[in-house]
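These notes concern the structure reproduced below.
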Amino acid sequence: MHCLCPPKDAIDPGGWKNVFESNCRRVHVTVCTVSVGNDLIVKSLARRRELMRQTDVMLPPDESLGMLNISKFAAKIEKKRHFWDTLYAKIVPGIPELFGQVVVLTSKVKGLAQWSRPANNIFITFETESTQQRVLRHLSVGMIHVMGNNTSKISNPNHLFRGEKLSNAREANEPSTIRWTDLNQKRRNIWYTQLQTTIASVGVIALIAMFTAFCK
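Right, dumping it as structure tokens:
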């Protein structure tokens, strides 16, 4: 089950587990995942991993990928460089340049990790499918009622989160279909990206059609 737009401070998985198990009869939560607004950390880690992969390709076989070892290797390369080597490295980054970016990203991630981040999405896995469907029936209300937090639409007050908030709950998509790196994107940005893709696709099709007609 997927709960959208939770309270920003509801980042404790144990709290969510307790809400469902205490307030819904015969319910057992097996897994609770809280997605927080850490897009910048995820993207920084992904970029760091890619830089480390590129560095690994450039290193001699069996060379360690430890940070200390790479720093020594980068220092040796930089020491041997002449003017043209330095100029070429500005166009095609070598190990020293890649390692420098890795160091910056590592510090950035450590700094970002110190911030508290809001909860954006909650994923709940129940013991059985029938339990999930039963919980969804109890929690599901129209989007308009969720936006206005119209609690009168819930027959049992125990099904309100913290006794005061409607849960925007729905059946979750399959994990393989979820773009985890874009999970916290605003809907407006998603629509804008989709619109750009659609316009580009239509433009390409139109150009191909014009080219085909011209060739005939």
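According to UniProt numbering, the stretch in the sequence shown is residues 1 to 216, in order.
A virtual CB, placed ideally from N, CA and C, is assigned to each residue, including glycine.
Predicted model, so just to flag it, every value in this text is computed and none were measured.
With H, G and I counted as helix, E and B as strand and the rest as coil, what does DSSP make of H2? strand
Would the beta-carbon of V29 fall within 9 angstroms of that of E127? yes
Among L59, D12, D9 and Q114, which has the Cα closest to the Cα of A74? L59
Please confirm whether A119 and S35 have their CB atoms less than 9 angstroms apart. yes
I'd like to check one pair, I144 with C32: are the Cβ atoms closer than 9 angstroms? no
Is the segment 92-108 touching the segment 46-54, taking contact as three or more C-beta pairs under 8 angstroms? yes
Taking only runs of the alpha helix (DSSP H) that begin and end inside the segment 107-176, which ones reach a length of at least 4 residues, in chain order? 129-139 and 143-147
C24 in three-state terms, based on DSSP: coil
Using the C-alpha atoms, what's the distance from Y88 back to S64? 26 angstroms
With DSSP as the reference, identify every bridge partner of V31, one or two as the case may be. T125
C-alpha distance - L25 paired with V19, whole-angstrom precision: One detail in the question is off: residue 25 reads as Arg in this sequence, not Leu. Taking the straight line from one Cα to the other gives about 11 angstroms.
Which residues share a DSSP beta bridge with L36? Residue 36 is actually Val in this sequence, not Leu. A119, per the DSSP bridge assignment.
How is the alpha helix (DSSP H) around S71 delimited, first residue to last? M67 to K80
Do I95 and I77 count as a contact pair if the criterion is CB distance below 9 angstroms? yes
Starting from D85, trace the alpha helix (DSSP H) both ways and give me its first and last residue. F83 to I91
Own chain partners of A10 with C-beta closer than 6 angstroms, once the 5 adjacent residues on each side are dropped: A119
Taking the alpha carbon of P93 as the reference point, which residue from G15, T55 and L207 has its own alpha carbon closest? T55
Going by C-alpha to C-alpha distance, which of S71, L45, D12 and L68 sits closest to R117? D12
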